[in-house]
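**Student:** Okay, here's the structure, questions in a sec.
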Amino acid sequence: KIPGGLGIAVTLACGLFAAMAGSSAATCSAIGSSAIPEMRERGYSARLASGLVAAGGTLGILLPPSITLILYAVAAEQSLGRLFLAGVGPGILLMTIFAAYGMFRYGYEHRIALQRASVDGVRHRILQEERYTFGERLRAIPRVAPFLILLIGVMLALYGGFATPSETAGLGAILALILIAVIYGAWGLSDLKPIFASTLSESTMLMVIIGMSLLYSYVMSYLHISQSAAEWVVSLHLSPWVLFAAVVTLVIVLGFFLPPVSIILMTAPIILPPLRAEGFDLIWFGVVMSVVMETGLIHPPVGLNIFVINKIAPDIKLGDIIWGTLPFVFLILAAVVILCVFPGIATALPDYVMGPPTRR
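Residue numbering for the sequence shown follows the working numbering, starting at 14 and increasing by one per position.
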């Protein structure tokens, strides 16, 4: 049995769902709705459970079919196929880092609970180990089969080129309805009503949060704040890596207030020409920029995933969610450093599949 195995499974589930949805908020909402209650039931702290899901949700803007990478490809005039392939390596890197932290933190909480139990005799839920025989595990496979069918069907349609991301979303919804009708017998109005109500509630929540963030972006754009900051950084005429560090810092600061889409649309036309002139690979930089923008999704004041978690897990205090996501901000920044030291993590796969790039 692997300590923190459930946390690893949740991180993997976030990555797989992100590869279908291409959206951070959707990944966070869909996985968190079921994963957070299960982790809390098994003794995970509120901070660790919410932090793992919120951080795992950020993979939605990095793994294909990421909407963020699509917009960057248009703004930077780069190959979308290369960008999608370049996002795979860093995505796996982040999943590994998140899972490793989850194991470490779970082990720490387990030791603390063990020490307290030895003092006051009260056993925390995290100390209650459940062991399953091979037969029990085998019998559990049919319970996850519907999810696997849905996952394979959606990814086959998307990555096989049979449907666009929007069409794939509709296909996934229809396939889910068919599965719950055939397997669970939930086809009557009384069965479907709570499903539709829950879907409408979560969709409305996501649209309101995104809509308000875009309204804030419009104000920032109208006042020319983001563009002025980017122009000021470029006008400093810094050395290549100092310029890169300044741009990364700018993106982090803008992430305090703006969603990734707005950051790209406002700053890309200003910061990309100097970076191209300094010899930076814009495919590599696009992936690094997406990783950096992930921090904005999990730190206040506008951390989108924080508010999504707050809505789907109302029993967890907002302060606990913020403190739970804070370590992952530093883990993401550590991943950026790794990508700078080992750029091949992002560039090796597209170079292998599509050949050496033509620098533009």
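Even for Gly, the Cβ is constructed at its ideal location relative to N, Cα and C.
Just to confirm before moving on: does the CB-CB distance between V304 and V349 stay below 8 Å?
**Tutor:** Against a cut-off of 8 Å, the Cβ pair of V349 and V304 comes out as a contact.
**Student:** Hey, would you say M52 sits closer than 8 Å to V23, going by beta carbons?
**Tutor:** yes
**Student:** Among S92, L75, T109, which has the Cα closest to the Cα of L65?
**Tutor:** T109
**Student:** Tell me which residues share the same chain as L288 and place their Cβ nearer than 8 Å to its Cβ, disregarding the 5 neighbours each side in the sequence.
**Tutor:** L256, F257, V260, L295, F298
**Student:** By the DSSP assignment, the alpha helix (DSSP H) with D364 in it spans what residues?
**Tutor:** 357-367
**Student:** Go to T177, then tell me how far its alpha helix (DSSP H) extends in each direction, as first and last residue.
**Tutor:** Taken as a continuous stretch (DSSP letters only), T177 belongs to no alpha helix (DSSP H), as it is neither H nor E.
**Student:** What's the call for G268, buried or exposed, on a 16-neighbour Cβ count within 10 Å?
**Tutor:** buried
**Student:** To the nearest angstrom, how far is the alpha carbon of T40 from that of A26?
**Tutor:** 9 Å
**Student:** For A359 versus G102, is the C-beta spacing smaller than 8 Å?
**Tutor:** yes
**Student:** Assign F320 to buried or exposed, taking buried as 16 or more other Cβ atoms, counted over all protein chains shown, within 10 Å of its Cβ.
**Tutor:** buried
**Student:** Residue range of the alpha helix (DSSP H) that K324 falls in?
**Tutor:** Residues 317-325.
**Student:** Would you report the Cα separation of S36 and M279, rounded to the nearest angstrom?
**Tutor:** S36 and M279 have their alpha carbons spaced roughly 20 Å apart.
**Student:** Smallest Cα separation from P253: which of V266, M33, L285?
**Tutor:** L285
**Student:** Using 8 Å for Cβ pairs, my map puts I273 next to M306. What's the rounded Cβ distance?
**Tutor:** Note that residue 273 is Pro in the sequence shown here, rather than Ile. Right, the Cβ-Cβ distance comes to about 4 Å (below 8 Å), so this counts as a contact.
**Student:** Within this structure, are the beta carbons of R118 and L72 separated by less than 8 Å?
**Tutor:** No, they are not a contact pair.
**Student:** Determine the direct distance from the alpha carbon of A290 to that of F111, and round the result to whole angstroms.
**Tutor:** When only Cα atoms are considered, F111 and A290 end up about 35 Å apart.
**Student:** Give every residue of the same chain whose Cβ lies closer than 7 Å to the Cβ of A243, excluding the five residues on either side of it in the sequence, and list them in chain order.
**Tutor:** L263, T280, I283, I284
**Student:** Quick one: measure Cβ to Cβ for L362 and A99, integer angstroms, because I've assumed they're closer than 8 Å.
**Tutor:** 7 Å
**Student:** Helix or strand or just coil, what does DSSP make of G201?
**Tutor:** coil
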